[in-house]
Amino acid sequence: LIWEPDRMASQITLFVLFWGMIIYPISGTASSKSDDGSSPKITLEQPFHYFGQTYNSIYVNHNGHMTFVSPLSAHPPQRIPQHGNIDIIAPFWTDLDNRQNGQVYYNQYTSGNVLQQATQDINTYFPGMNFNANWVFVATWYEVAYYPNSGTKTTVQAVLISGGEYSFLLMNYGIIASTHLNVQAGYDTINSAHYFSTPGSFTNTASGSNSNFRLSSNVNVPGRWAFRVDSGSRGCTFNGKIRLKG
743 LIWEPDRMAS
753 QITLFVLFWG
763 MIIYPISGTA
773 SSKSDDGSSP
783 KITLEQPFHY
793 FGQTYNSIYV
803 NHNGHMTFVS
813 PLSAHPPQRI
823 PQHGNIDIIA
833 PFWTDLDNRQ
843 NGQVYYNQYT
853 SGNVLQQATQ
863 DINTYFPGMN
873 FNANWVFVAT
883 WYEVAYYPNS
893 GTKTTVQAVL
903 ISGGEYSFLL
913 MNYGIIASTH
923 LNVQAGYDTI
933 NSAHYFSTPG
943 SFTNTASGSN
953 SNFRLSSNVN
963 VPGRWAFRVD
973 SGSRGCTFNG
983 KIRLKG
């Protein structure tokens, strides 16, 4: 069987449709195949405002997180809040290894369907803002293995969305393989002035078919978590509750 690019695109499209548009398009630049590695410094096409800081670049780190000032290879994960000196976005911080299978992709959008989808999503989750997305950054850890279990496949995303003064973060969860490793999901800021630790982090419900990240949500969409991150808000709750898939 020859794995052709158009066949790969078809498989990815089916995957996206299967997850009911939870997963944003999986495309763009593939990061290097390296354990505990990182993307090169990525220049953002628009500045991203993150809890009072304005960043013009980002690193997509292979162990399930993103940082702004420098790459980070650290594993095992640290518990959020860290009360440290780093701004970090961590949809799935654990010991991942993309050398045998899986890819780490990143892409930026300033026009087209992705911006339309982002605009619709944010206005649904944060009603009354009349938000209009003008830039989206998507990082995808696609079917990446845990170290050292090269046969495992886990797919998660972090989506940064900007529109003028407003900034938002989506964390999207596809299939999550089981692991005995600790996993931390959420975000943190310098000195942990603002942070969110996703329920299930550092527990046995972080991974596998019963992963709390995939089965629950703060916006009533199982597998998706949404946050406003430009200012002091710690996140969005849908009708004041974390929603679990029944």
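Counting the sequence shown from 1 gives a position; the numbering used here is that position plus 742. Note that CB positions come from ideal geometry on N, CA and C, so glycine has one too.
Residue i and residue j: beta carbons closer than 8 Å?
i	j	result
residue 797	residue 780	no
residue 883	residue 794	no
residue 888	residue 838	yes
residue 834	residue 902	no
residue 845	residue 772	yes
residue 792	residue 909	yes
residue 770	residue 867	no
residue 873	residue 850	no
residue 995	residue 830	Residue coverage of the chain in this structure runs from 743 to 988, which leaves residue 995 outside it and unanswerable.
residue 1070	residue 819	Because the chain is modelled from 743 through 988, residue 1070 falls outside the range shown and cannot be assessed.
residue 894	residue 919	yes
residue 827	residue 917	no
residue 960	residue 948	no
residue 885	residue 897	yes
residue 823	residue 934	yes
residue 861	residue 921	no
residue 832	residue 928	yes
residue 768	residue 963	no
Would you call residue i buried or exposed, if buried means 16 or more other Cβ atoms sit within 10 Å of its Cβ?
i	result
residue 748	In this prediction, residue 748 scores a pLDDT of 49, lower than 50, which makes its location untrustworthy; no coordinate-derived value is stated.
residue 875	buried
residue 936	buried
residue 926	buried
residue 942	buried
residue 785	exposed
residue 965	buried
residue 870	exposed
residue 972	buried
residue 817	buried
residue 852	exposed
residue 825	exposed
residue 782	exposed
residue 815	exposed
residue 804	buried
residue 759	Low confidence applies to residue 759: its pLDDT is 44, below 50, so where it sits in the model is not reliable enough to give any reading.
residue 983	For residue 983, the pLDDT reaches just 41, beneath the cut-off of 50, and the residue's location in the model is therefore unreliable, although a value from the coordinates is still provided. Residue 983 comes out exposed.
residue 953	buried
Based on the DSSP secondary-structure assignment, which residues constitute the bridge partners of residue i?
i	result
residue 861	DSSP lists no partner for residue 861.
residue 838	888
residue 878	851, 903
residue 896	886
residue 846	883
residue 771	848
residue 930	830
residue 784	800
residue 966	914
residue 938	929
When you measure from the CB of residue i to every non-hydrogen atom of the ligand ADP, does any distance come out below 7 Å?
i	result
residue 830	This structure lacks the ligand ADP, and indeed carries no ligand of any kind.
Are there three or more Cβ pairs, one per stretch, closer than 8 Å when the segment 809 to 821 is compared with the segment 902 to 912? no
Beta strand (DSSP E) runs wholly inside the segment 794 to 824, at least 3 long, in chain order: 795 to 803, 807 to 809
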